[in-house]
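Enquirer: Can you read through this structure? Questions will come right after.
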Amino acid sequence: MLRLPPSLFAALLIPLALVHAPVPLAAQPRETRLPEWMAGTWHSQSGAAWGDRLWTAPHGGQMLGLARRGFGPEVESWDYQRIVRRPGGGLSLMVQPQGGSAVDYAMAVMSDQAIEFANPSAPYPQRIRFWREGQLLMVEASQLDGSRAERWNYRPVAGPPPDGLPPERPALQSP
């Protein structure tokens, strides 16, 4: 049987132990939580201007969203949205206006009830903020310097937005 001197045995064993030693909790990267406080169906109304927003609950490291805005019976704009975890940490907001190419906004700031995403190379908006004020979901889109700001306040709704189907679309008929 091969016998190793204690000093050689220790020299071989210590590096192996260090490789397999658990990393202290403080040294482990902390996974960024998804903003579950955004989940739900939301509606905004200001005169004839309206907006709907829907966010799924977090699942599989992402949240899926849909937004549409309009005036009277007309839809003026809509987009798909996704909040996903970035490979190196943090979150991204992926926005597809009118279903087109996705624009990636990196998370800039996050707190318990607010999150801000930014993309300095986007033409407009360069900054998108979501936050809660009581029961309301607030959304603001602007340039990085805060100019050209547009703000919406959404209230939570259960089920479809108020008023049901748009007036120009008849209800489905049974055969």
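Numbering (mature numbering (1 follows the signal peptide of the UniProt record, and there is no 0)), first residue to last: -26 to -1, 1 to 149. All C-beta atoms, glycine included, are put in the ideal place defined by N, C-alpha and C.
With 16 as the cutoff for other CB atoms within 10 Å, does S100 come out buried or exposed?
Expert: Counting from one through the sequence shown, the residue named residue 100 turns up at place 126. As written in the sequence, residue 100 is Gln, which differs from the Ser given in the question. Looking at its Cβ environment, which holds 16 or more other Cβ atoms inside 10 Å, Q100 is buried.
Enquirer: With C-beta atoms as the reference, is Q36 less than 7 Å away from R56?
Expert: Numbered from 1 along the sequence shown, position 62 holds the residue referred to as residue 36. Numbered from 1 along the sequence shown, position 82 holds the residue referred to as residue 56. Going by C-beta atoms, Q36 is nearer than 7 Å to R56.
Enquirer: For A98, count neighbouring C-beta atoms within 10 Å of its own C-beta (all shown protein chains included) and say buried if the count is 16 or more, exposed if not.
Expert: In the sequence shown, residue 98 corresponds to position 124, counting from 1. Ala is not the amino acid found at residue 98; the sequence shown has Tyr there. Exposed is the call here.
Enquirer: What would DSSP say about E10, mapped onto helix, strand or coil?
Expert: Within the sequence shown, numbered from 1, the residue matching residue 10 stands at position 36. Three-state result, E10: helix.
Enquirer: Output yes or no for whether 7 Å exceeds the beta carbon distance between residue 157 and Q117.
Expert: This structure cannot speak to residue 157, because the chain is shown only from -26 to 149.
Enquirer: Helix, strand or coil for S95, going by three-state DSSP, please let me know.
Expert: Start at 1 with the first residue of the sequence shown, and residue 95 comes out as number 121. It is coil, neither helix nor strand.
Enquirer: Looking at A13 and A41, is the spacing between their C-beta atoms short of 7 Å?
Expert: Here the question's residue 41 lines up with position 67 in the sequence shown. Here the question's residue 13 lines up with position 39 in the sequence shown. No, these two residues do not count as a Cβ contact at 7 Å.
Enquirer: Under three-state DSSP, which class holds A80?
Expert: Taking the first residue of the sequence shown as 1, we reach residue 80 at position 106. Reduced to three states, the DSSP call for A80 is strand.
Enquirer: In this structure, how does DSSP classify Q36 when only helix, strand and coil are distinguished?
Expert: If you number the sequence shown from 1, residue 36 lands on position 62. DSSP places Q36 in strand when its eight states are reduced to three.
Enquirer: What is the rounded straight-line gap between the Cα of I102 and the Cα of G44?
Expert: Residue mapping note: residue 102 aligns to position 128 of the sequence shown, counting from 1. Residue mapping note: residue 44 aligns to position 70 of the sequence shown, counting from 1. Looking at the two C-alpha atoms, the distance is approximately 19 Å.
Enquirer: For T6 and G64, which I take to be in contact (beta-carbon distance under 8 Å), what is that distance rounded to the nearest angstrom?
Expert: Along the sequence shown, one-based indexing puts residue 6 at 32. Along the sequence shown, one-based indexing puts residue 64 at 90. Correct: roughly 6 Å between the Cβ atoms.
Enquirer: Compute the distance between the beta-carbons of A92 and V77, then report whether it is under 7 Å.
Expert: As a working note, residue 92 is residue 118 in the sequence shown. As a working note, residue 77 is residue 103 in the sequence shown. It is not a contact, given that the beta carbons lie outside the stated cut-off.
Enquirer: Rounded to whole angstroms, what is the Cα-Cα separation between V131 and T15?
Expert: Position 157 of the sequence shown holds residue 131. Position 41 of the sequence shown holds residue 15. About 6 Å.
Enquirer: On the DSSP letters alone, give me the boundaries of the beta strand (DSSP E) that A115 sits inside.
Expert: Within the sequence shown, residue 115 is the residue found at index 141, counting from 1. It spans L110 to S116 - the beta strand (DSSP E) in which A115 sits, taken as one unbroken run.
Enquirer: Measure from the alpha carbon of P9 to the alpha carbon of each residue in L111, A23, E50 and R129, then state which is nearest.
Expert: Position 35 of the sequence shown, counted from the start, is the residue given in the question as residue 9. Nearest of L111, A23, E50 and R129 to P9, Cα basis: L111.
Enquirer: For Q72 and Y54, I'd like the C-alpha separation in whole angstroms.
Expert: By 1-based counting over the sequence shown, the position of residue 72 is 98. By 1-based counting over the sequence shown, the position of residue 54 is 80. Cα to Cα, Q72 sits roughly 7 Å from Y54.
Enquirer: Tell me the rounded alpha-carbon separation between I(-13) and M81.
Expert: Start at 1 with the first residue of the sequence shown, and residue -13 comes out as number 14. Start at 1 with the first residue of the sequence shown, and residue 81 comes out as number 107. For I(-13), the predicted structure reports a pLDDT of 43, less than 50, and the residue's modelled location is therefore unreliable. The matter cannot be settled from this model.
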